[in-house]
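Remarks on the structure that follows.
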Amino acid sequence: MNRNVVIIGCGVAGLSAALQLARKSACTVHLVSDMMSERSQSCLAEGGINAAIGPGDSAELHCEETMKTGCGLADTEALTAMVSAAPDIIRELDEWGVPFVKRTNHSVSVRRMGGQTCARTAYTENGIGRQIMDVLIQQARKYESEGKILCYVNWTFRALAKQDGCVCGAWLEHLDTREMRFVPGQVIMACGGLNGFFGNATGSTVNTGIAAALLFADGVLFSNLEFIQFHPTTLRLKGKNLLISESARSDGGRLFVLRDGKPYYFMEEKYPELGNLMPRDVVSREEYSLIKQGFQVYLDLRGLPAKTYETTLAGIVSDCVLFAGIHPTKEPIPVEPGIHYFMGGIQVDKSHRSPVKGLYAAGECACQYHGANRLGGNSLLGAIHGGKTAAEAVLRSEFSIPNGSFEGKPPVPLRHFRMEPLQSVMRAAMGLERSKGQLENALDAVEKMSVPDEVRLFSRAILLSALNRTESRGSHFRSDYPNCDPAMRKSSVVQCCDGEIRFGWEEKS
Ligand SMILES: Cc1cc2nc3c(=O)[nH]c(=O)nc-3n(C[C@H](O)[C@H](O)[C@H](O)COP(=O)(O)OP(=O)(O)OC[C@H]3O[C@@H](n4cnc5c(N)ncnc54)[C@H](O)[C@@H]3O)c2cc1C
């Protein structure tokens, strides 16, 4: 029987799931997104994608370093599957035409990113995200022309449709006409991170987080929402922080502050082993403590080989000149930590199934591989592998949903509202340092805001997750609980039941 599958989001995770479904079976894939693939956040990725293919590396070491960076909160079985699949994923992308930088023997070259003791990150000369997306889009067009993938661009997710507690489709709203449409199928969420709840992130503003809020209010379980990665090298612009990729430090960039008029290379002094390439949470917190003392942190890219500016750093150099009038070859770049990645999200098992039958999630909207903090280069990998894994789980599932009408009523459209005041409250409370007082004040403030109930509930769920984690772990730092508590090596889980938020913990094996 022909299966229908609805995928919400056409970034790297959504496309990966769509391709896996389209090439493997008699499947109709409904690929939905409020913007075309070319505008998805995945296209912004700059640094690279991880796989243990370099000298001295192994899947075991990749797994160990991911787990260490994630402070013990990742799922070992799922992680082992991801790191084992990574070399094949690179091989496939290479075959499809991603122009990876190669070594003289034509094998894919890798470089070292933060938190890694080995060179493990495959890269391209110009924006890895864009290059990967180009080939995935090209592959998807082939199936689109065969009618296996149906694209719904300019449609936004509004609600799950359920029958007997199982997901049987999704309600979509057209962004221009406001038409509400039901599309049948099991549903894979691939709608990216929660940038819209915070603003000033390095990621795309298209990722409003509203889809997540709607799911949460509908009872879908979320996990580890307190873990938000701050990238240590972002350049503040109006309303957005521009990412200066970790690859800049991998290529020789150095962080410093001016102390008594002289550069003080604080990361190199304090962490001689990994220096500027310590995990992101460590670098961000070091910067934050200096910023609190009144220092301006700089990233120094001067004096690197000319070829580096023309190749791997070309995008960074042109972005700095274009958007900030800063010439990184001649002057240091003022940087600060900025919101970059959401480790938490829809809770899924190792097959990317949510506890709701017929609902799956992959990519940044899912909580899976990264625990309390993400290793640079693991996100594209997790999104591609996660998309494939979710697709495989759909194909293995016993129930399929035929074409047809659905008797349920369409959801009421969300009323128009502004995110801006909410974003300020969320940013202030969920910063690099959090405390009970700040989080409780934010919970009160959110309660009084004029936002839809779904948005209020989800904001509260994020704040409660941070309030209840009374320890510091990975990206979550509590000034009132500065130490890691081994007894809290657990994932937080949060769910909305009849308008009430229920909070709990899940033990890690
Ligand atoms: C500047 C930058 C650089 C990065 N560099 C790297 C890197 O070098 N290596 C790495 O591994 N990771 C990197 N990352 C992280 C990585 O790019 C992302 O985590 C990853 O691409 C997420 O892919 P995704 O498919 O889950 O989501 P996205 O690519 O964000 O796609 C989300 C999709 O969902 C759609 N959508 C959202 N909301 C709705 C809705 N309500 N209804 C319908 N559709 C919706 C969007 O239109 C989009 O199509 C970087 C991130 C940024 C911001």
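Residue numbering for the sequence shown follows my numbering, beginning at 26 and increasing consecutively. The beta-carbon is built from N, C-alpha and C at its ideal position, and this holds for glycine as well. This structure is a prediction, so every number in the text was calculated from the model and none was measured.
For Asp-59, the distance from the CB to the nearest heavy atom of ligand 1 is below 7 Å. Of the candidates Ile-409, Phe-291, Met-444, Gly-244, Gly-244 places its Cα closest to the Cα of Ala-486. DSSP places Met-158 inside the alpha helix (DSSP H), whose first and last residues are 153–170. For the options Cys-509, Ile-526, Glu-525, Asp-523, the alpha carbon positioned closest to that of Gly-95 is the one of Cys-509.
Exclusion of the five residues before and after Ser-504 leaves Glu-458, Arg-459, Ser-460 as the residues of its chain whose Cβ lies within less than 8 Å of its Cβ. As the crow flies, the alpha-carbon of Ala-238 is around 6 Å from that of Val-480. Distance from the CA atom of Glu-90 to the CA atom of Gly-433, rounded to whole angstroms, is 47 Å. Contact between Leu-219 and Asp-276 fails: their C-beta atoms lie close to 30 Å from each other, not under 8 Å. For Ala-165, same chain residues with a beta-carbon under 7 Å away, outside a window of 5 residues either side, are Leu-40, Ala-43, Leu-44, Ile-174 in chain order. Taking one beta carbon from each stretch, the segment 205–218 and the segment 378–388 have 3 or more pairs nearer than 8 Å; the two touch. The alpha-carbon separation between Asp-59 and Val-231 amounts to approximately 8 Å. Here Ile-426 carries a coil assignment [DSSP, helix/strand/coil].
Fully enclosed beta strand (DSSP E) runs of no fewer than 3 residues occupy 52–58 of the segment 30–91, in order along the chain. Phe-247 is positioned such that its CB atom lies closer than 8 Å to that of Gly-370. Under the Cβ criterion (8 Å, minimum of three pairs), the segment 389–406 does not count as touching the segment 434–449.
For ligand 1, no non-hydrogen atom lies closer than 7 Å to the CB of Glu-445. By the 16-neighbour rule on beta-carbons within 10 angstroms, Arg-136 is buried. Here the segment 250–267 makes contact with the segment 355–367; the two share three or more CB pairs at distances below 8 Å.
Nearest to Thr-202 by C-alpha distance, out of Val-178, Pro-209, Val-192, Arg-284, is Val-178. Here the alpha carbons of Ser-65 and Met-158 stand approximately 9 Å from one another.
Cβ neighbours of Lys-127 within its own chain (closer than 7 Å, five residues either side excluded): Val-133, Ser-134.
Between Phe-291 and Leu-280, the C-beta gap is smaller than 8 Å, which places the two residues in contact.
Contact check for Ile-341 and Pro-357: beta-carbon distance about 13 Å, past the 8 Å limit, so the pair fails to qualify. For the pair Val-373 and Val-30, the CB atoms are not nearer than the 8 Å cut-off.
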